[in-house]
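Student: In the numbering used here, the protein residues as written are 442 to 623.
Next up is a structure, given as structure tokens.
As structure tokens, then:
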């Protein structure tokens with residue numbers, strides 16, 4: 442290994458990590474899902490908040506101390522939805538079905554999703570998506586996304602846009618009127 446200036450690194454260099462370096466003071470690698478934050482519903486302003494009343498999730502990434510990757514185990518009850526149909530300008534999303542069956546709804550397509558099926562939604566692709574539970578049993582998926590400090594989320598079926606800019610988060614109408622900070 443070498444430094445940026447091309448000089449070799451010596452094992453005695455204080456800047457070279459060793460196996461004796463202390464482990465950062467963060468939660469361990471094994472996550473106790475029962476102790477992780479459990480949430481339900483959503484943050485949408487009325488009347489859109491009714492869409493996520495049958496959704497609950499466990500914040501596994503937060504429980505592990507992750508700050509750059511969101512990891513959530515989401516359960517959708519029968520008749521429920523994961524979210525309003527949406528797409529992000531600054532956040533990639535990836536999901537893996539774990540149990541049950543959901544319908545992935547994208548612009549003009551509907552696709553059944555079963556355990557083991559995966560879906561990816563790159564930031565900025567402009568394809569609105571969400572999951573719908575048309576069955577009589579709960580369904581579970583694991584979703585991962587980066588936690589970008591800046592993002593705009595578009596909801597093509599309703600007059601709503603969400604923004605994240607650092608610690609500030611808000612919903613607005615397409616005309617720019619802010620309707621909720623969260």
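For each residue, glycine too, the CB sits at the ideal point set by N, CA and C.
This one's a predicted model, so the numbers in the text were calculated from it and none came from an experiment.
Can you check which of these residues, 496, 511 and 508, is closest to residue 525 by C-alpha distance?
Tutor: The sequence position of residue 525 within the chain shown is 84, counting from 1. Residue 496 is the option with its Cα nearest to residue 525.
Student: Quick check: what's the CA-CA separation for residue 475 versus residue 616?
Tutor: Start at 1 with the first residue of the chain shown, and residue 475 comes out as number 34. Start at 1 with the first residue of the chain shown, and residue 616 comes out as number 175. In a straight line, the C-alpha of residue 475 is about 42 Å away from that of residue 616.
Student: Taking the straight line between their C-alpha atoms, what separation do you get for residue 586 and residue 564?
Tutor: Position 145 of the chain shown, counted from the first residue, corresponds to residue 586. Position 123 of the chain shown, counted from the first residue, corresponds to residue 564. If you take the alpha carbons of residue 586 and residue 564, they lie about 10 Å apart.
Student: Please report the straight-line C-alpha distance between residue 560 and residue 620, rounded to a whole angstrom.
Tutor: Locating residue 560 in the chain shown gives position 119, where the first residue counts as 1. Locating residue 620 in the chain shown gives position 179, where the first residue counts as 1. In a straight line, the C-alpha of residue 560 is about 31 Å away from that of residue 620.
Student: Where does the unbroken beta strand (DSSP E) through residue 511 begin, and where does it stop?
Tutor: The residue you call residue 511 lines up with position 70 of the chain shown. First-last of the beta strand (DSSP E) with residue 511: 510-517.
Student: In or out: residue 516 buried (at least 16 other Cβ within 10 Å) or exposed?
Tutor: Looking up residue 516 in the chain shown gives position 75. Under this definition residue 516 is a buried residue.
Student: Within the continuous beta strand (DSSP E) that includes residue 561, where are the two ends?
Tutor: Here residue 561 is taken as the residue at index 120 of the chain shown, counted from 1. Taken as a continuous stretch (DSSP letters only), the beta strand (DSSP E) holding residue 561 covers 559-562.
Student: Using DSSP with H/G/I as helix, E/B as strand and the rest coil, what is residue 475?
Tutor: As a working note, residue 475 is residue 34 in the chain shown. It is coil, neither helix nor strand.
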